[in-house]
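Trainee: Please see the structure below; I have some questions.
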Amino acid sequence: MCLTMSEEPELILADLSDDDLVEQMKDDLYDGMGPEITEGTKILLDRGWDANRILSESLVEAMRIVGLDFADGILFVPEVLSAANAMKGGMELLRPILAASDTQVSTGRVVIGTVKGDIHDIGKNLVGMMLEGAGFEVFDLGINTSLDEFLEAIDKHDPHILGMSALLTTTMPYMGVVIEDLEKRNMLKNLPVMIGGAPVNQEFADAVKANAYGPDAATTAELAKTIVGVNR
Amino acid sequence: MARTVLTSPTKEVVIGFDQPFVMIGERINPTNRPKFSKELGAGNYWRVKKEAEAQIAAGAQVLDVNVGVPLTDEAKIMEEVITMLQTEVEAPLVIDSSVMAALESGIAAYKGRPLINSTTAEEEVMERILPLVAKYDCAVVAISNDDTGISEDPDVRFEVAKRIVNRASDYGIKREDIVVDPLVMPIGAVNSAGKDVFKLVGRLRHELGVNTTCGASNVAFGLPNRHAVHNAFLPMLQAAGMTSAILNVYDEGLVPAIKAGDMLAGNDPDCANWIARSRPKPVAGEGGRRGGGGRRGRRG
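Following this line, the structure appears as structure tokens:
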């Protein structure tokens, strides 16, 4: 494979037309090529592209395809992580511009965290990456997150969705505790809750009155889009 | 030299530095298995029995028993499953739960010396689990994480394990009854996961003098062809000095790879176990061995 690549003429991103560059960036992001994504993002910005358009037409679109192939078992966890990392490089350039403009069209804001007593975070991190890949602003509270920490983050970030994760049968009831408290505060109406984690299933999600259960990271991102009304 | 002795009424299995690697079957576990979960919740344990027998036939010396189904009375299920299993199979059992009441009911129902899975170095967890281990004189898996989470630094994880060993000794629990789980991270997310564990296992064995175990199947989470990864990982763990693992004995080629690993590590005198399991079967019509009566118990 290395041999074939060295025989090919080197691809100069700056020489490509806008359309070809966007196509190339989608391939590069799928292949987890960080520096190329950063370079491509820069070129499009220099050519006067709107940051929102770069985000949606190249980065988010590429991550959507990554998500589909991940869900279908064609791509695997390390590849998804590489793609998400490649996207980060582009996002670092776009984020300040997006934040400064008032025409920001993020898909939505999501607060996520692994619940109190639980320190497992690989699945939760994957979900965070796929959500970012889908264009969401993600506020990740990390592991061992208490009710108060969730409430504080909800107050601060005014999210469209709350996501909770647990890997243990002993810690998963805490998701129900949080949801119950939100219900008492009459906050559930405006804040759909998604839950996930190895022992979690639809039945449990129903029992604790969660709005949605995400069986894997890619499906979770798609469900989140449906919840905020992007998937119709 | 650490010898962790696990027993059932009729069988003893020793985890130790000079012993064959102890394969603990992981399949009695309903996580991500909706049918299994539903059956356990309904008090229907046929699949537990089936998995127990099949895993022993595949080579498991010990069985991990996890009956964690959300929204059920796990303590009651654990007690019933342990009691049922001990009438059906001889293998010693690992009582695996994150629910204190289920560990208690499982231990109380168990005849012999089980392995308890698990304690961590979290203060609250040690305060609950260690007195139970001491009271029933059993062995315990010690997972090397604490209140601050799982450190990515193997040296920190070593110190965490050491803290559990020291705390356990305050309760009168011997070092040889602590089997440290150095925590295997998915290699797909943490690229140094393999070499971190190999390094840590060596230190745990040589500096702390404890037996070790791990949930081996975690390493290939999210990767294709997982069983081939397991087949490479386990012999590497054996070479690093690990003495047991919770694993999937159904993985094709895994049990023979571990048995060969025992032999190569010098824990199979005269290669007897290896030969016994690998000797070509006599072809029909031709005779088998011409002498001997089957190997008798060794003298002395």
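These protein sequence lines map, in sequence, to chains A and B.
Just so we're aligned, residue 1 is where the first sequence starts under full-length UniProt numbering, counting upward by one.
Just so we're aligned, residue 1 is where the second sequence starts under full-length UniProt numbering, counting upward by one.
Glycine is no exception: its CB is placed at the ideal position from the N, C-alpha and C atoms.
(1) Give a yes or no on contact between the stretch 111 to 122 of chain A and the stretch 62 to 72 of chain A, applying the rule of three or more CB pairs nearer than 8 Å.
(2) At the 9 Å Cβ level, is residue 238/A part of the contact set with chain B, yes or no?
(3) Which one of Leu147/A, His160/A, Asp121/A has the shortest CA to CA distance from Gly197/A?
(4) In chain order, what residues of the same chain have a beta carbon less than 7 Å from the beta carbon of Phe21/B, not counting five sequence neighbours either side?
(5) Between Ile227/A and Tyr213/A, is the Cβ-Cβ spacing less than 9 Å?
(6) Looking at chain A, which residues of the stretch 221 to 234 of chain B have a Cβ within less than 9 Å of any of its Cβ atoms?
(7) Taking C-alpha atoms, which residue in Ser151/B, Leu93/B, Lys162/B lies nearest to Cys138/B?
(8) Could you tell me the alpha carbon to alpha carbon distance between Met1/A and Asp28/A, rounded to whole angstroms?
(9) In this structure, how does DSSP classify Phe21/B when only helix, strand and coil are distinguished?
(10) Looking at the strands, I want to know which residues DSSP matches up with residue 379/B.
(11) Only counting the same chain, and skipping five residues up and downstream in sequence, which positions put a Cβ closer than 8 Å to that of Met23/B?
(12) Hey, Pro199/A and Gly266/B are a contact pair by Cβ (cut 8 Å); roughly how many whole angstroms apart?
(13) Would the beta-carbon of Asp64/B fall within 9 Å of that of Asn145/B?
(14) Looking only at its chain, what residues have a beta carbon closer than 7 Å to the beta carbon of Leu94/A, apart from the 5 residues adjacent to it on each side?
(15) Sorted by chain position, which residues of the same chain lie with C-beta nearer than 6 Å to Asp196/B's C-beta, five sequence neighbours on each side aside?
(16) In this structure, what does DSSP give as the bridge partners for Glu137/A?
(17) Starting from Ala245/B and walking both ways along the alpha helix (DSSP H), at which residues does that stretch end?
(18) How would you label Ala83/A, buried or exposed, when you count the other beta carbons within 10 angstroms and need 16 or more for buried?
(19) Let me know the secondary structure DSSP gives Asn273/B once reduced to three states.
(20) Buried or exposed for residue 310/B, going by 16 or more other Cβ atoms inside 10 Å?
(21) Please confirm if the stretch 147 to 164 of chain B is in contact with the stretch 199 to 209 of chain B, defined as three or more CB-CB distances below 8 Å between the two stretches.
(22) Mind listing the chain B neighbours of Asn201/A? Cutoff is C-beta to C-beta under 7 Å, in chain order.
(23) Would you mind telling me which residues of chain B sit closer than 7 Å to Ala207/A, beta carbon to beta carbon, in chain order?
(24) Given that Ile150/B touches chain A, what residues does it touch there, using C-beta distances under 7 Å?
(25) Which residue marks the beginning of the beta strand (DSSP E) containing Met164/A, and which one marks its end?
(26) Under 9 Å, do Ser105/B and Leu168/A count as touching if we go by C-beta distance?
(27) Could you tell me the alpha carbon to alpha carbon distance between Thr220/A and Thr148/B, rounded to whole angstroms?
(28) Counting only beta-carbon atoms, is Met172/A nearer than 9 Å to chain B?
(29) Please work out which residues of its chain come closer than 6 Å, Cβ to Cβ, to Met1/B, disregarding the five sequence neighbours upstream and downstream, and give them in chain order.
(30) Under the assumption that His157/A contacts Phe139/A (Cβ atoms under 8 Å), give the Cβ distance between them as a whole number of angstroms.
(31) Is the beta carbon of Thr120/B sitting closer than 9 Å to the one on Ile95/B?
(32) Whose CA, out of Asp181/B, Asn231/B, Ser8/B, lies closest to the CA of Val140/B?
(33) Between the Cα of Arg113/B and the Cα atoms of Pro280/B, Glu90/B, Val48/B, which residue gives the shortest distance?
(34) Using a Cβ cut-off of 9 Å (strictly closer), state whether Thr169/A contacts chain B.
(35) So Ser144/B contacts chain A; which residues on that side make the cut at Cβ distance below 9 Å?
(36) How about Pro186/B and Val219/B: are their beta carbons less than 9 Å apart?
Mentor: According to the structure data:
(1) no
(2) In this structure chain A extends from 1 to 232, so residue 238/A is not present and cannot be described.
(3) The shortest C-alpha to C-alpha distance from Gly197/A to any of Leu147/A, His160/A, Asp121/A is the one to Asp121/A.
(4) Gln238, Thr243, Ser244, Ile258, Gly261, Asp262
(5) In this structure, the beta-carbon distance from Ile227/A to Tyr213/A does not fall below 9 Å.
(6) Phe221, Gly222, Leu223, Pro224
(7) Leu93/B
(8) With a pLDDT of 46 at Met1/A, under the threshold of 50, the modelled position of this residue cannot be trusted; read the value that follows with caution. Distance between the alpha carbons of Met1/A and Asp28/A: 16 Å.
(9) coil
(10) Residue 379/B lies beyond the stretch modelled for chain B, which goes from 1 to 300, so this question has no answer here.
(11) Same-chain partners within the cutoff: Gly59, Ala60, Gln61, Val62, Ser244, Ala245, Leu247, Val249, Val255, Ile258.
(12) About 40 Å; that fails the 8 Å criterion.
(13) no
(14) Thr41, Ala51, Ile54, Leu55
(15) Pro154
(16) Arg109/A
(17) Element bounds for Ala245/B: not the alpha helix (DSSP H) but the beta strand (DSSP E), 244 to 247.
(18) buried
(19) helix
(20) The structure shown does not extend to residue 310/B, since chain B spans only 1 to 300, so no value can be given for it.
(21) yes
(22) Pro34
(23) Leu71
(24) Ile119
(25) Per DSSP, Met164/A belongs to the beta strand (DSSP E) from 161 to 165.
(26) no
(27) 28 Å
(28) yes
(29) Phe17
(30) 5 Å
(31) no
(32) Asp181/B
(33) The residue with the shortest Cα to Cα distance from Arg113/B is Glu90/B.
(34) yes
(35) Result: empty, since nearest Cβ-Cβ is about 12 Å, beyond 9 Å.
(36) yes
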